[in-house]
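K.L.:
With the first letter of the sequence shown counted as 1, position 254 gets the number 254 in the UniProt record's numbering; the numbers rise by one all the way through.
Below is one structure. I have some questions about it.
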Amino acid sequence: MSDGLSSAERLRYSRHILIPAVGEAGQMKLKNASVLLIGTGALGSPSALYLAAAGVGRLGLVDADVVDASNLQRQILHGESWVGKPKHESAVARLREVNPLVEIEVHPIRFTPENAMEIAAGYDIIVDGSDNFPTRFLTNDTAFFQKKPLVYGAIHRFEGQAGVFAPHLGGPCYRCLLPNMPPAGSVPSCQEAGVLGVLPGIIGSIQAMEALKIILGIGTVPLGKLTCYDSLASTFRSIKLNRDPQCRLCGDSPEITGVSNAETTASASCDFTSEHMESITTLELRTLLNNNFQGILLDVREPDEYATAHIEGSRLIPLQTLPGQLDSLPKDQEILIHCKSGRRSARAVELLLENGFTNVKNVDGGIDAWLAEN
């Protein structure tokens, strides 16, 4: 633990020190604090930048991904020159430019049940910038067992949410909000649904703010409160979230005893396959359509996706509404199902098979593959 601020630090953080609720004592709290960021992508980028700029003494970065050109529209830690290179290297280079006084530790591996407890043990707070449900459950469970605050964030197209889960401080955990893993393919990922680039900047900045408040001991920690932002309506609203006595993790009779469980060990991949699921390629689909296909080509994307691009002759039934429209589909015809990349359509195939349909196939690669061939 450091004994005081250097002259360089007093100059750098002078606008913090001027705030009575922060002052030099508060800046020392920041200097002696540590935060673990799960992911350096859309949410992790603004969170890391502001935590580093604020002078949080030690930041841990967990990311095994590489920078892709499609990341640059929202992942502001990374730039064009880093495309194809490891994200953790790009993040370190940028954060050291922002604040060379901050210590940065990198964990260039996936956050898994096998390493989560060890990685998180050395940090005071966990900031979740993950983009899949298994990792969100894992960060939650890890924070619970180590009694560390978890600063949560999530984004989708034009909407986002943020909050703090900390049962050891009297609040609920993430499982009180989402008790079980959503069915595979039922919730589109950002890769499938998209996200407006500035949105994660707003939600990630809120996450950084909550982490700073916890470190400084100022303001009110939003335990049991989820902040939801609708960018199109320019509105913020708060949802009250109570601890669930039946929660399998933090409830009165917990069933989960470790970070390795059904939710945390589920696949984080966008792929969803089944051994009894048949599929065809988009080239095979094109041949069928060119030869007077008599079956049904079902598109299970959202209406706005369909309006942007669709295959001529396809029928739109979004995945979320499909269970209520099964009676409108004939069981005596072949049904080919596609979505954007194949994940939602695979779930739709499973749904039809479970309900007595027998001649159903998934279109591998979805409309992405279809368009790529043109």
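Ideal Cβ positions, reconstructed from N, Cα and C, are used throughout, including at glycine.
Because the structure is a prediction, the values reported are computed rather than measured.
Should the segment 204-213 be called in touch with the segment 274-293, which here means at least 3 C-beta pairs below 8 Å?
P.N.:
No contact exists between the segment 204-213 and the segment 274-293.
K.L.:
Note the first and the last residue of the continuous alpha helix (DSSP H) segment covering residue 105.
P.N.:
Looking at the DSSP string, residue 105 is not in any alpha helix (DSSP H); the run it does join, the beta strand (DSSP E), is 103-107.
K.L.:
Thinking C-beta only, is residue 77 closer than 8 Å to residue 45?
P.N.:
In contact: residue 45 and residue 77 (Cβ atoms closer than 8 Å).
K.L.:
Does DSSP put residue 260 in a helix, in a strand, or in coil?
P.N.:
Coil, per DSSP.
K.L.:
For the alpha helix (DSSP H) containing residue 23, list its first residue and its last residue.
P.N.:
Note, residue 23: alpha helix (DSSP H), 23-31.
K.L.:
Output needed for residue 263: all residues of its chain with C-beta closer than 6 Å, excluding positions within five of it in sequence on either side, in chain order.
P.N.:
For residue 263, where only same-chain residues beyond five positions count, the Cβ hits under 6 Å are 137, 181.
K.L.:
With 16 other CB atoms within 10 Å as the buried threshold, where does residue 256 fall?
P.N.:
It is buried - the Cβ of residue 256 has at least 16 other Cβ atoms within 10 Å.
K.L.:
On the CB-based measure, 16 or more other CB atoms within 10 Å of its CB, does residue 232 come out buried or exposed?
P.N.:
Residue 232 comes out exposed.
K.L.:
Taking all protein chains shown into account, do 16 or more other C-beta atoms lie within 10 angstroms of the C-beta of residue 142, making it buried, or fewer, making it exposed?
P.N.:
Burial call: buried.
K.L.:
Please state if the CB of residue 223 and the CB of residue 239 are separated by a distance shorter than 8 Å.
P.N.:
No. Outside cutoff.
K.L.:
Less than 8 Å between C-beta atoms, sequence neighbours within five positions excluded: which residues of the same chain meet that for residue 73?
P.N.:
The answer, listed in chain order, is 197.
K.L.:
Please name the residue or residues paired with residue 35 in a DSSP beta bridge.
P.N.:
For residue 35, which the question treats as bridged, DSSP gives the partners 59, 125.
K.L.:
Scan the UniProt domain "Rhodanese" (291-374) and note each continuous alpha helix (DSSP H) run of 4 residues or more that stays entirely inside, going in chain order.
P.N.:
List check, alpha helix (DSSP H) in window: 303-308, 343-354, 366-372.
K.L.:
Go to residue 160, then tell me how far its beta strand (DSSP E) extends in each direction, as first and last residue.
P.N.:
Looking at the DSSP string, the run of the beta strand (DSSP E) that includes residue 160 is 159-165.
K.L.:
If the criterion is Cβ atoms closer than 8 Å, does the pair residue 124 and residue 33 meet it?
P.N.:
For residue 124 and residue 33, yes; Cβs fall inside 8 Å.
K.L.:
Buried or exposed for residue 278, going by 16 or more other Cβ atoms inside 10 Å?
P.N.:
Burial call: exposed.
K.L.:
Around the C-beta of residue 43, are 16 or more other C-beta atoms found within 10 angstroms, so that it is buried, or is it exposed?
P.N.:
Answer is buried; the Cβ neighbour count reaches 16.
K.L.:
Throw me the rounded Cβ distance for the residue 390 and residue 30 pair, which I believe falls under 8 Å.
P.N.:
Since the displayed the chain opens at 1 and closes at 374, residue 390 lies outside it and no answer follows.
K.L.:
Touch check for the segment 356-367 and the segment 338-347: three-plus C-beta pairs under 8 Å?
P.N.:
At 8 Å Cβ cutoff, the stretches touch.
K.L.:
May I ask you to list the residues that DSSP assigns as paired with residue 88?
P.N.:
Per DSSP, none; premise fails for residue 88.
K.L.:
Am I right that residue 175 and residue 248 are in contact with their C-beta atoms under 8 Å? What's the rounded C-beta distance?
P.N.:
6 Å between Cβ atoms; contact.
K.L.:
Counting only the same chain and skipping the five closest in sequence on each side, list residues whose C-beta sits under 7 Å from that of residue 306.
P.N.:
299, 316, listed in sequence order.
K.L.:
Taking just the CA atoms, how far does residue 133 sit from residue 24?
P.N.:
Roughly 39 Å between the two C-alpha positions.
K.L.:
Could you give the first and the last residue of the continuous beta strand (DSSP E) run that contains residue 206?
P.N.:
That residue, residue 206, is in no beta strand (DSSP E); its alpha helix (DSSP H) goes 199-216.
K.L.:
In the DSSP output, which residue or residues are listed as bridge partners for residue 195?
P.N.:
BP columns for residue 195 point to 157.
K.L.:
With C-beta atoms as the reference, is residue 126 less than 8 Å away from residue 148?
P.N.:
For residue 126 and residue 148, yes; Cβs fall inside 8 Å.
K.L.:
If residue 107 sits next to residue 62, beta carbons under 8 Å apart, how far is it from one beta carbon to the other, in whole angstroms?
P.N.:
Rounded, the Cβ-Cβ distance is 4 Å, consistent with contact.
K.L.:
Can you tell which of 100, 37, 54, 145 has the C-alpha that lies nearest to the C-alpha of residue 110?
P.N.:
Comparing Cα positions, the closest option is 37.
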